[in-house]
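Chemist:
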Amino acid sequence: MRKIVLLFILPFLFGSSGFSQNEASGNAADKLLKQLEEQKIVIGGYGQIDYNQPITSGVRENGKLDVHRLVMLFGYSFSPNTSVVTELEYEHVKEVYVEQAFIEHRIANGFNLVGGLMLIPMGIVNEFHEPTTYNGVERPSIDSRVVPTTWREIGAGFTGVIPSASLSYKAFIVNGFNGYDGEGTLGGSKSIRGGRQKGAESFISSPNFSAKVNYFGIPGLQLGLSTYLGKTQSTLFDGLDKSDSQAEASADSSQVGINMLGLDYRFTSGNFHSRGQFIYNKISNTKAYNEFTGNDLGESILGWYLEGAYDIALGDGQQKLTPFVRFEKYDLHNTTASITPNNAYNVHEVFAGVGYTLAPGVVWKADMQWVKPEGASEAQKQFNMGIGFWF
233 MRKIVLLFIL PFLFGSSGFS QNEASGNAAD KLLKQLEEQK IVIGGYGQID YNQPITSGVR
293 ENGKLDVHRL VMLFGYSFSP NTSVVTELEY EHVKEVYVEQ AFIEHRIANG FNLVGGLMLI
353 PMGIVNEFHE PTTYNGVERP SIDSRVVPTT WREIGAGFTG VIPSASLSYK AFIVNGFNGY
413 DGEGTLGGSK SIRGGRQKGA ESFISSPNFS AKVNYFGIPG LQLGLSTYLG KTQSTLFDGL
473 DKSDSQAEAS ADSSQVGINM LGLDYRFTSG NFHSRGQFIY NKISNTKAYN EFTGNDLGES
533 ILGWYLEGAY DIALGDGQQK LTPFVRFEKY DLHNTTASIT PNNAYNVHEV FAGVGYTLAP
593 GVVWKADMQW VKPEGASEAQ KQFNMGIGFW F
């Protein structure tokens, strides 16, 4: 734990340069909302095409080529204070999702009402997941295994900025994970990821709370504190006779409590960039849930990473080369109740690679990935290459 704390203190030891509020909050939806202050209709998009090649000594492995995602964003301004943002995603050419669809209404400066299908503000990449905003071909593994990116649910709440305090904030009431719909959806190598409802005929048996506060008062540095609190949803609560104690006990066993905390930072000093995050998820009632479903959900989940990168300007200054290194650690069975921890879920990963920005909004990426589960004799290796764009 001391090592983790030290890693998150390191950015304060460097000199710093400006990190504006706009840079701190500039994901795709924020970009559209900003443009809608001056335009009636705004269209944007981003995409990612990947090549992944496993490398195994003495064994031939097929690589994978994939149009990983192609996303179109559409925004419309109904009035100076009211706008809608939608994000439609095609994954792997054949899968179609609605990633965001929400209304934002400005009540006062720094105080907005939002409602619809929204991204859960946890960590960095769940909100800032456009391929030109992070290093590496694939998103950090923690932002899949621990934070189930892209994590979005239906709800309502408030967002805003308090310039005098150098703070931005988001607070939402949302539906929770689908923990049981005839079978248990949580556990295994996907952990809680399989419970995302994504706004697709979502059901709710109890509301959940999600919030994040960002501090940008130190030049060059942004700090984030996130939380997510509530219970998973279960179809067994639908039509439940409150006087049937046996049915109520079964329903209680089909849900777990989620208590997630996230800390993150993003730091810039000249051409040097660093970012990191720490996510801890305490899950209650896992003993009863695993016995009821036959699953292996951990009682607590932990993950963190630290990354450093450096921009090397090329040509006209719009092009740049950005080598980076990222170290990740996550454990889906950090603690367990009544089940034996699975060492395959306790993983160290190292990424080392480079990004080549061809023009603002277009990047070519390549990296090597080493994945070593606890107890494995050697790391699994994979070469990744891809292109990404955002407009």
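Just so you know, we're using the working numbering here: the sequence shown kicks off at 233 and counts up by one. Positions of the beta carbon are idealized from the N, C-alpha and C atoms, including for glycine. Source: prediction; values computed, not measured.
For I544, count the other beta carbons within 10 Å of its own beta carbon; 16 or more makes it buried, fewer makes it exposed. Which is it?
Modeler: In the sequence shown, residue 544 corresponds to position 312, counting from 1. I544 should be labelled exposed.
Chemist: What's the C-alpha gap between T500 and T554?
Modeler: Here residue 500 corresponds to residue number 268 of the sequence shown, with the count starting at 1. Here residue 554 corresponds to residue number 322 of the sequence shown, with the count starting at 1. Taking the straight line joining both Cα atoms gives about 13 Å.
Chemist: Touch check for the region 412-427 and the region 521-534: three-plus C-beta pairs under 8 Å?
Modeler: Short answer: they touch.
Chemist: If we call anything under 8 Å between Cβ atoms a contact, is L453 one with E336?
Modeler: Here residue 453 refers to the residue found at position 221 of the sequence shown. Here residue 336 refers to the residue found at position 104 of the sequence shown. For L453 and E336, no; Cβs fall outside 8 Å.
Chemist: Jot down the residue ranges of each uninterrupted beta strand (DSSP E) in the region 376-436, minimum 3 residues, whole runs only, in chain order.
Modeler: Fully enclosed beta strand (DSSP E) runs of 3 or longer: 384-394, 399-406, 410-412.
Chemist: Return the residue from the list D476, L468, F510 that minimises the CA-CA distance to F435.
Modeler: Residue mapping note: residue 435 aligns to position 203 of the sequence shown, counting from 1. Per the Cα distances, L468.
Chemist: Using a Cβ distance threshold of 8 Å, determine whether the region 508-520 contacts the region 487-496, with at least three qualifying pairs required.
Modeler: Enough Cβ pairs lie closer than 8 Å, so yes.
Chemist: Tell me whether I374 sits in a helix, a strand or coil according to DSSP, three-state version.
Modeler: By one-based count along the sequence shown, residue 374 stands at place 142. The answer is helix: DSSP assigns I374 an H, G or I state.
Chemist: Going along the chain, which residues of its own chain have a beta-carbon closer than 7 Å to the beta-carbon of E327, five neighbours each way excluded?
Modeler: Numbered from its first residue, the sequence shown carries residue 327 at position 95. Taken in chain order, the list of residues that qualify is empty.
Chemist: Applying the criterion that 16 or more other CB atoms from any shown protein chain within 10 Å of the CB defines a buried residue, is P312 buried or exposed?
Modeler: If you number the sequence shown from 1, residue 312 lands on position 80. Counting Cβ neighbours within 10 Å, P312 comes out exposed, since fewer than 16 surround it.
Chemist: What separation, rounded to the nearest whole angstrom, lies between the Cα atoms of A541 and S506?
Modeler: Along the sequence shown, one-based indexing puts residue 541 at 309. Along the sequence shown, one-based indexing puts residue 506 at 274. Cα to Cα, the separation comes out at about 6 Å.
Chemist: State the start and end residues of the unbroken alpha helix (DSSP H) segment that holds K474.
Modeler: The residue given as residue 474 occupies position 242 in the sequence shown. Counting along the chain, K474 falls outside any alpha helix (DSSP H), and DSSP gives it neither H nor E.
Chemist: Cα separation between S257 and G279?
Modeler: Here residue 257 is taken as the residue at index 25 of the sequence shown, counted from 1. Here residue 279 is taken as the residue at index 47 of the sequence shown, counted from 1. In this predicted model, S257 has a pLDDT of only 46, less than 50, meaning its place in the structure is not dependable enough to derive any value.
Chemist: My assumption, with CB atoms under 8 Å, is that G535 sits in contact with K552. Please give the rounded CB distance.
Modeler: Taking the first residue of the sequence shown as 1, we reach residue 535 at position 303. Taking the first residue of the sequence shown as 1, we reach residue 552 at position 320. With a Cβ gap of about 29 Å, G535 and K552 do not count as contacting.
Chemist: Just reading off the alpha helix (DSSP H) that Q267 is part of, what are its end residues?
Modeler: Your numbering for residue 267 matches position 35 in the sequence shown. Where Q267 is concerned, the enclosing alpha helix (DSSP H) stretches over 260-267.
Chemist: For G414, which option in T525, R377, Y512 has the closest C-alpha, if you only look at C-alpha atoms?
Modeler: As a working note, residue 414 is residue 182 in the sequence shown. Residue T525 is the option with its Cα nearest to G414.
Chemist: Whose C-alpha, out of V579, I287, T288, I281, is nearest the C-alpha of R301?
Modeler: In the sequence shown, counting from the first residue as 1, residue 301 sits at position 69. The candidate whose alpha carbon is nearest that of R301 is I281.
Chemist: Kindly provide the ranges of any alpha helix (DSSP H) runs that are 4 or more residues long and lie completely inside the region 531-559, ordered along the chain.
Modeler: Segments of the alpha helix (DSSP H) lying fully in the region 531-559: there are none.
Chemist: Using only alpha-carbon positions, find the residue among F306, V378, Q332, I394 that is nearest to G342.
Modeler: Locating residue 342 in the sequence shown gives position 110, where the first residue counts as 1. If we check each option's Cα against that of G342, I394 comes out closest.
Chemist: Please go through the region 439-502 and give each complete alpha helix (DSSP H) segment of 4 or more residues, from N-terminal end onward.
Modeler: Qualifying alpha helix (DSSP H) stretches, in chain order: 477-485.
Chemist: Is it the case that the Cβ atoms of I332 and V316 are separated by a distance below 8 Å?
Modeler: For the purposes of this step, residue 332 is taken as residue 100 along the sequence shown, with counting starting at 1. For the purposes of this step, residue 316 is taken as residue 84 along the sequence shown, with counting starting at 1. First, the residue type needs correcting, since residue 332 is Gln and not Ile in the sequence shown. Not closer than 8 Å, so no.
Chemist: From which residue to which residue does the alpha helix (DSSP H) around F310 run?
Modeler: For the purposes of this step, residue 310 is taken as residue 78 along the sequence shown, with counting starting at 1. Per DSSP, F310 belongs to no alpha helix (DSSP H); it is in the beta strand (DSSP E), 296-311.
Chemist: Which residues does DSSP list as the beta-bridge partners of K604?
Modeler: Position 372 of the sequence shown, counted from the first residue, corresponds to residue 604. Looking at the DSSP assignment, K604 forms a beta bridge with H580.
Chemist: Tell me the DSSP secondary structure of A256 in three-state form.
Modeler: Taking the first residue of the sequence shown as 1, we reach residue 256 at position 24. In this predicted model, A256 has a pLDDT of only 43, less than 50, meaning its place in the structure is not dependable; the value taken from the coordinates is given anyway. Looking at A256 - three-state DSSP - the assignment turns out to be helix.
Chemist: Run through DSSP, which three-state label would F246 get?
Modeler: Residue numbering aside, residue 246 sits at position 14 when the sequence shown is read from its first letter. Any reading at F246 must be qualified, since the residue scores a pLDDT of 37, below 50, and its modelled position is unreliable; the value itself is stated next. DSSP places F246 in coil when its eight states are reduced to three.
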